Every structure is written in structure tokens, then in C-alpha cells.
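Asker: If you scroll down you'll find the structure; I have some questions about it.
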Amino acid sequence: MRKKTIIAAGIAAALMSACTLSDKKADESDTNNPFFAEYSTPFGVPPFNEIKIGHYKPAIEKGIEEQAREIEAITANEEAPSFDNTIRALDQSGKLLNKATIVFSGQNSANTNEEMEALSREISPLLSQHRDNISLNAELFARVKALYEDRANLGLDKEEAKLLEETYKDFVRGGANLSPEDQAKLRELNSQLALLQLTFGQNMLKETNAFQLIIDNQADLAGLTEALIANAADAAQKAGLEGKWLFTLQNPSIMPFLQYADNRDLREKILKGYLMRGNNGNENDNKEVVKQLVTLRLEKAKLMGYPDYAAFVLEERMAKNANSVYALLDELWTPALKVAHRELEDIQNEITKEGKGFTAEAWDWRYYFEKAKKAKFDLDESQVRPYLKLENVREGAFYVANKLYGITFTPIEDIPLPHPEALAFDCREADGTHLGVLYMDFFPRASKRGGAWCGGYRSQKYEDGQRVAPIVTIVCNFTPPAAGEPALLSLDEAETLFHEFGHALHSLFRDVHYSGIASVPRDFVELPSQIMEHWVLEPEVLKVYARHYQTDGEIPADLMEKLDKSSKYGQGFATTEYLAASLLDMDYHVLQALPAHTENVTLDVVAFEAETLNKRGLLSQIPPRYRSTYFNHTMGGGYTAGYYSYIWSEVLDADAFEAFKETGDIFNPEVAARFRSYVLTPGGIDDAMEMYKNFRGKEPNTGPLLKNRGLN
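First residue of the sequence shown: 78, per the working numbering; consecutive thereafter.
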């Protein structure tokens, strides 16, 4: 299970000189604004090298104006509403606005700075107001509603019918049926929520960047790998701390530190820094932001006629309601917690073997788990990394895609890049047809938000009857290479690369005619990504990409056997930390009234979090994967009442991979063709469960998931 999210439509962008983009502001009347002309770049990618910070706001403001005029033309049309003059026209409106905001959003996530954060706060209310101006346009809704009510007589094809249905639902869920007074309230709520979600993410990034663990005594590095020490020395040098070692809260720094550092006090210090992000009582504290978000979301749900915010959100998901979500989470919680207790016993035994008398704490788990795994399987991560050279893992993902679908990825040298570290690839069908451009940006930097995600700089679409290929980007925070060495990944990072590549394939293969039906439900969207993880440890695939970075030798058979035997070990921890975060997300959003923790405090975020986790018996040694004050998946808006989606989709992906395994061929071309046709290509044209059943021939069950995680 990966720890990332898909890029959601954002409101900020960041373009720094390090990104080959000028920091010099452009005048708002700048006639050279790249967004105002057709791109003359290879494959029509954004001309990142020409875009200046000052180009964004004028382009977005003009885009808003243009779409407003397009909407006005639809409502002013004296002809009776038709699919073409209303639904199709609405779906195709806003081209300039989308052109600017999609770059604005992608760059903000990958490379931000204070100037762009300030700009995003200016633009956020403009976009919120514009969205509401469309969804609350009474004349426009009247035309949509008339068509929806007469839909049986319009002779629409499948895609057109689905677009009409989704457009009508979007208006209703956007408040079109509310009274004018309630619509005014909704506008204010939407504006406040957009700004709060933006603030939450900005605070989290500042908190992550603010913490530094500086080591000046070489003895305190005991246990750490040479590569990690070298990276820490390099980070310190770049920070002006020559001769010292710097560790941060970026995953490639903190997680191996917790795994290998012998100094228990330092493990405690860095983990507490990680867990306290957004909860330090400073200007970046997120507790009040969380409280306001939960409060306003509940207010919005009730305004829309729902008992709680989860009910409002889940109506459009595969799960449909909170009971279905809790049923799955609860089904997994008991066996996962049972396994976690066994793992804790192993950890405590390792502490005892060392002659230590303390009880394991959260900062001990990864360190002693690594020792327990080595004792059980004679395996630790340092044995695997030399075989996981980044470039080889990437080629392994390309190999799997080629074997399954016949597609190829060729490096593109002379093309604008979203960041100098990014790479570009031309993706083509077996017959040479261009499918899309794929960018890859692998390493952490202070201007990049944490985790890993797949986004885009142009969505697949049709213009004048011709398919316009997508521009897709994968952004990660992998362990950077030590000086003079290649980047060597952990197994978790290798799985992350395959995961995000699965999202990229979904974007590259999508083939729909209308943007309004391009998306799939949040709890279906992880199926294309998570199924790719199943190929990572398949022996046939390992032999292709898992090659020693110095000798180019294949990964030894005995090491592959150890990986296979140990693959389920640790799933107690991994599953419970994930489920804990999922339950926390749901518990916030099924609230139908805010709990009063004291006479004067409604919704004490820290107290609520403790209550919701303690009542389920979560081990104190396992913090939830995300605590409330840095849980950007839910508080940032992308996975609100939806973090459960990863495990929901895992039920699907585990069952889907069985379709390959059952044939005895993990690259079975017929199964791959069905998966592409029924899952990867149609966007949201069909109901998600129907898409899955079209592929599999039946509904999934949890059996394969429990087996894969060793929880059965």
C-alpha cells in the first residue's frame, strides 16, 4: 500500500529559478504570456522555460472571463436546449482556464515558494467564486434539468447519456436546488473551505521543512548505512553545516534513520518531530484549521440535506455509505491488530536479547523490527538496495507495461521540463501511435510536498474529432544518490514507482470524448495503480530489473526466496497504521454534531484523535500513518472521507491479479486486453463495479487481500 495521493485540482503554483523558470514578475498586460498562444513545443507540452510567475494570474483571470462569456452564450441561446448547445458546449468551455490552472496546480505541488504560496491565496477565492457562479447559475441549470428530464427521448449514445447524467448531478450537488439564501451560504462555505484546505497544506510543508536533526558527533551515526550518512553529510553541506550531518522529516531521511540508528534518544527526537507537525502551537499549527474544516464540512453537508459530510461524499463512491466503509475496515482491523501484537512480541524479544530492560516505544518499532526480520529471514534492506538501482526499477516498470500492453517508452531529450531533475518519455502503442508524454521527477527538495503522486499537465481529450494525447507526470521523494553513486531504492520505493506508474497508465490509456466523464470514483482510482505492485516481486520481473548496480548481476535466487518468504512479515504494523488513519478520517466526517471536550472547547483535535484510536485498541507503539495535523489526504481535500479508498481498491486489485495468476501467465495477453478495455480505457463512462465485473466476470471478495497480507 502506498502513501501518496493523486494530484487534485489545486490553486497554487511554484516556479523558481531552479526550475528553469524566471522569478521576474511579468506585467499583467504582458503580450508574451505563453498561456495566450498555442504551445509550439514538442507534443504541445507547456513551455516551462518561458512561463513566469506573473503569467499565472492574468491567464487565470482571462480564463475565468472567457468561460463566463461561454456560459452566457449558452444561457442566451434562444433555441431550445439540446445536447450540443448546452451539455457539449458546457463540457468544452473554459479551455484557457484549464490550460493555466493545470500547470499552476502541478507546479505548486512539485516546486513551491513563498511568492507562489501568496499568489495561491489570492487566486483561491477567485476560482471558488467562479465555480459557484457556474454551478449556481439558475438559467444554465434550467436548460440542463430540461434535458435531463427528457433524456429518454434525446437519442443519446452511451457517453452522451452519461455526461448528461453527471452534469445534472454535479449541478444538484453544487447547490442548484437550494434557495437563494442557502446558495449564498454555500458560496461562503466553499470559499472558506478552499482557503482552509490550502492553508493546511502550506502549514504542513513549512512544518516538514522546519525540523532539522543536526548531528555533530560521529558516534551518533552508529548503525546507519554509508549511503545514508553520505546523504546526510551532503544535506548538511548544502545547509551551510559543513562537517556535520543533517537529517530531515523527508521520508528518505527519517525512515531509514528510524530503521538503523543505534542512538535511541535520537530516534525518539526525530520521530516526535515527525508526529508533532502542525501541532507545535506556532504560526503553522493546524489544530484550529482542522477544527474549522470539520465544522464547515458538516455545515455544508447539512445545508445540502445530508446528516454528515461522509454521507454527502460517499453517495458518489463505490462504497455508497459509511456503513460499507466501516464494515470493510472493521473486518480487517481485528486480524491486523492480532498480527501486530505478534510482531510487537518479536520486537520486545529483540530488545531482551540485547539485554535491554525497556518496553518498546514507537521510535523502537522500525529499528527492532529490522533486527527481528533479519533474525527470522536473514534479510535486511541493505541487502536488497544494491539490486534496486532507480533506472533499472524504472525500466522494470516499462518492461511490465510492454509485456502486458505492447507499449514502449522512449526518452525525449529536447523538450521543456517542469524541473531540471525531471525526465521525459514518449509513450507509443505497439504500432507506433503516440499515446502521450510521461514526465518523471524522483527526488525530494524543500519546495516539493511529501509523498508520491501522479498528475498531469494535459488531460486526454478530443478536439475536432481527433484524440489529443495526455501529458502525465509522476512525482516522488525517493532516496537521492550519494556522491558518485547511483540512486538505490528501498523495496518500498520500488513498489511506489510501480504504483504511480499504474496511475500513469490509467491516464495514458484513457479514451473518452468528454472531460465530464473522465474521472472514476475515488475508491476505484487506486485499482490501476495498486495492481501494478503485484509484479514487483514476481521472479520473472525481478530477473529483468533487479540487477546489482556494480556488477549488473541478477538478484540471487536465495535473496529472491528471502524476499518472497518475508513479504508478508510486517503487515500487522503496515495494515493497522493505515487502518488507523482511515478510521480517523471517517470518524471526523461521520460526526453529526461536534463533540464538546470541555465546557469551552468544541472538538479538541488532539483529544478526538486519541479517543477514536484508543477505543479500538491501537497499540501505542503504532501511531496512525497520518495524524490529524498533517493528514493532508483528508484535510487537504483530495481524500476527504476517502482515505479508506486504498484498502477498498486493494480488494479489487488483489482479486484482479488473481485473474492473471489463474491462467498460469502473469502477462496473459487476453486478461491484459480485458483489463485495459474495461478498467483503464473507459474513464467514468460505466458504473465502477460494472466496469470491474465486465473485466472479471464477478464481484471481488476479500480473500485474496487477506492472503496477500498474511492476515487470513
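Glycine residues also receive a C-beta, built at the ideal position from the N, C-alpha and C atoms.
Please read these numbers as outputs of a predicted model, since none were measured by experiment.
Expressed to the nearest angstrom, what Euclidean distance is found between the alpha-carbon atoms of residue 196 and residue 715?
Answerer: In the sequence shown, residue 196 corresponds to position 119, counting from 1. In the sequence shown, residue 715 corresponds to position 638, counting from 1. So the two alpha carbons sit approximately 21 Å from each other.
Asker: Could you name the residues of the same chain whose beta carbon sits closer than 7 Å to that of residue 421, not counting the 5 residues immediately before and after it, in chain order?
Answerer: In the sequence shown, the residue the question calls residue 421 occupies position 344. 437, 696 and 698.
Asker: Are the segment 238 to 250 and the segment 349 to 367 in contact at 8 Å, needing three or more beta carbon pairs?
Answerer: Contact between the segment 238 to 250 and the segment 349 to 367 is absent, because fewer than three Cβ pairs lie under 8 Å.
Asker: Which residues in the same chain as residue 101 place their Cβ atom closer than 7 Å to its Cβ, once the five residues preceding and following it in sequence are excluded?
Answerer: Locating residue 101 in the sequence shown gives position 24, where the first residue counts as 1. With a pLDDT of only 36 at residue 101, under the threshold of 50, the placement of this residue in the model should not be trusted; the figure read from the coordinates follows. So the qualifying residues of the chain are 129.
Asker: Could you tell me which residues DSSP pairs with residue 511 in its beta bridges?
Answerer: Translated into positions along the sequence shown, residue 511 becomes position 434. 505.
Asker: Locate the beta strand (DSSP E) running through residue 545, then write down its first and last residues.
Answerer: As a working note, residue 545 is residue 468 in the sequence shown. That run of the beta strand (DSSP E) goes 543 to 545.
Asker: Within 10 angstroms of the Cβ of residue 724, are there 16 or more other Cβ atoms? Answer buried if so, exposed if not.
Answerer: The sequence position of residue 724 within the sequence shown is 647, counting from 1. Residue 724 comes out buried.
Asker: Return yes when the Cβ of residue 705 is within less than 8 Å of the Cβ of residue 600, no when it is not.
Answerer: If you number the sequence shown from 1, residue 600 lands on position 523. If you number the sequence shown from 1, residue 705 lands on position 628. Cβ atoms of residue 600 and residue 705: not closer than 8 Å.
Asker: Counting along the chain, where does the beta strand (DSSP E) carrying residue 290 start and finish?
Answerer: Here residue 290 is taken as the residue at index 213 of the sequence shown, counted from 1. Residues 290 to 292.
Asker: Hey, quick one: how far does the alpha helix (DSSP H) through residue 751 stretch, first residue to last?
Answerer: Along the sequence shown, one-based indexing puts residue 751 at 674. 746 to 752 is the span of the alpha helix (DSSP H), which, as asked, contains residue 751.
Asker: Report the rounded CA-to-CA distance for residue 281 versus residue 530, giving the unit in angstroms.
Answerer: By 1-based counting over the sequence shown, the position of residue 281 is 204. By 1-based counting over the sequence shown, the position of residue 530 is 453. One C-alpha to the other measures close to 17 Å.
Asker: Pick helix, strand or coil for residue 731, following the three-state DSSP scheme.
Answerer: Taking the sequence shown and counting its residues from 1, the one referred to as residue 731 is at position 654. Helix, per DSSP.
Asker: Let me confirm a value: residue 732 is counted as buried when at least 16 other C-beta atoms fall within 10 Å, else exposed. Which label applies?
Answerer: As a first step, residue 732 must be located in the sequence shown, where it is residue number 655. With 16 or more other Cβ atoms within 10 Å, it is buried.
Asker: Starting from the Cα of residue 453, find the closest Cα among 483, 646 and 533 and give me that residue.
Answerer: Within the sequence shown, the letter at position 376 stands for residue 453. Out of 483, 646 and 533, 646 has the C-alpha closest to the C-alpha of residue 453.
Asker: Do you know how far the Cα of residue 510 is from the Cα of residue 367?
Answerer: Locating residue 367 in the sequence shown gives position 290, counting from the first residue. Locating residue 510 in the sequence shown gives position 433, counting from the first residue. About 47 Å.
Asker: DSSP has residue 706 in a bridge; who is on the other side?
Answerer: Stepping through the sequence shown from its first residue, residue 706 is reached at position 629. Paired residues: none, contrary to the question.
Asker: Which residues bound the beta strand (DSSP E) around residue 135?
Answerer: To locate residue 135, count along the sequence shown from 1; it is residue 58. Segment 130 to 153 is the alpha helix (DSSP H) holding residue 135; no beta strand (DSSP E) there.
Asker: Are there 16 or more other CB atoms within 10 angstroms of the CB of residue 170, so buried, or fewer, so exposed?
Answerer: Taking the sequence shown and counting its residues from 1, the one referred to as residue 170 is at position 93. It counts as buried.
Asker: Short check: CB of residue 476 to CB of residue 621, under 8 Å?
Answerer: Your numbering for residue 476 matches position 399 in the sequence shown. Your numbering for residue 621 matches position 544 in the sequence shown. Against a cut-off of 8 Å, the Cβ pair of residue 621 and residue 476 comes out as a contact.
Asker: Applying the 10 Å Cβ sphere with the 16-neighbour rule, what's the burial state of residue 435?
Answerer: Here residue 435 refers to the residue found at position 358 of the sequence shown. Result: exposed.
Asker: Cβ of residue 489 within 8 Å of Cβ of residue 119?
Answerer: For the purposes of this step, residue 489 is identified with residue 412 of the sequence shown, where counting begins at 1. For the purposes of this step, residue 119 is identified with residue 42 of the sequence shown, where counting begins at 1. For residue 489 and residue 119, yes; Cβs fall inside 8 Å.
Asker: Where do the N-terminal and C-terminal ends of the beta strand (DSSP E) with residue 488 fall, by residue?
Answerer: Against the sequence shown, residue 488 aligns to sequence position 411. It spans 485 to 488 - the beta strand (DSSP E) in which residue 488 sits, taken as one unbroken run.
Asker: Quick one, are the C-beta atoms of residue 719 and residue 208 less than 8 Å apart?
Answerer: Counting from 1 along the sequence shown, the entry for residue 719 is found at position 642. Counting from 1 along the sequence shown, the entry for residue 208 is found at position 131. Contact flag unset, no.
Asker: Going by other Cβ atoms of all chains shown within 10 Å of its Cβ, with 16 needed for buried, is residue 415 buried or exposed?
Answerer: Residue mapping note: residue 415 aligns to position 338 of the sequence shown, counting from 1. Burial call: exposed.
Asker: Put residue 102 into one of helix, strand or coil per three-state DSSP.
Answerer: Numbered from its first residue, the sequence shown carries residue 102 at position 25. Because residue 102 carries a pLDDT of 43, less than 50, the predicted location of this residue cannot be relied on, and no value is offered for it.
Asker: Looking at the structure shown, is residue 768 part of a helix, part of a strand, or coil, going by DSSP?
Answerer: Here residue 768 is taken as the residue at index 691 of the sequence shown, counted from 1. It is helical.
Asker: Which of helix, strand or coil does DSSP assign to residue 381?
Answerer: Mapped onto the sequence shown, residue 381 falls at position 304. Reduced to three states, the DSSP call for residue 381 is coil.
Asker: Going residue by residue through the segment 150 to 196, where are the continuous alpha helix (DSSP H) segments of at least 4 residues, counting only ones entirely within it?
Answerer: With a minimum length of 4 residues, the continuous alpha helix (DSSP H) runs that stay inside the segment 150 to 196 are 172 to 187.
Asker: Label residue 590 either buried or exposed according to how many other C-beta atoms from any shown protein chain fall within 10 Å of its C-beta, with 16 as the threshold for buried.
Answerer: Working through the sequence shown from its first residue, we reach residue 590 at position 513. With 16 or more other Cβ atoms within 10 Å, it is buried.
Asker: Do residue 419 and residue 131 have their C-beta atoms within less than 8 Å of each other?
Answerer: Counted from its first residue, the sequence shown places residue 419 at position 342. Counted from its first residue, the sequence shown places residue 131 at position 54. Against a cut-off of 8 Å, the Cβ pair of residue 131 and residue 419 comes out as no contact.
Asker: State buried or exposed for residue 284, treating a residue as buried only when at least 16 other CB atoms are found within 10 Å of its CB.
Answerer: What you label residue 284 is simply residue 207 of the sequence shown in a count that begins at 1. That one is buried.
Asker: Do you know how far the Cα of residue 788 is from the Cα of residue 401?
Answerer: Here the question's residue 401 lines up with position 324 in the sequence shown. Here the question's residue 788 lines up with position 711 in the sequence shown. Between residue 401 and residue 788, the C-alpha separation is close to 20 Å.
Asker: Take the Cβ of residue 692 as the centre, count every other Cβ of all protein chains shown within 10 Å, and call the residue buried at 16 or more, exposed below.
Answerer: Here residue 692 refers to the residue found at position 615 of the sequence shown. Per the 10 Å Cβ criterion, exposed.
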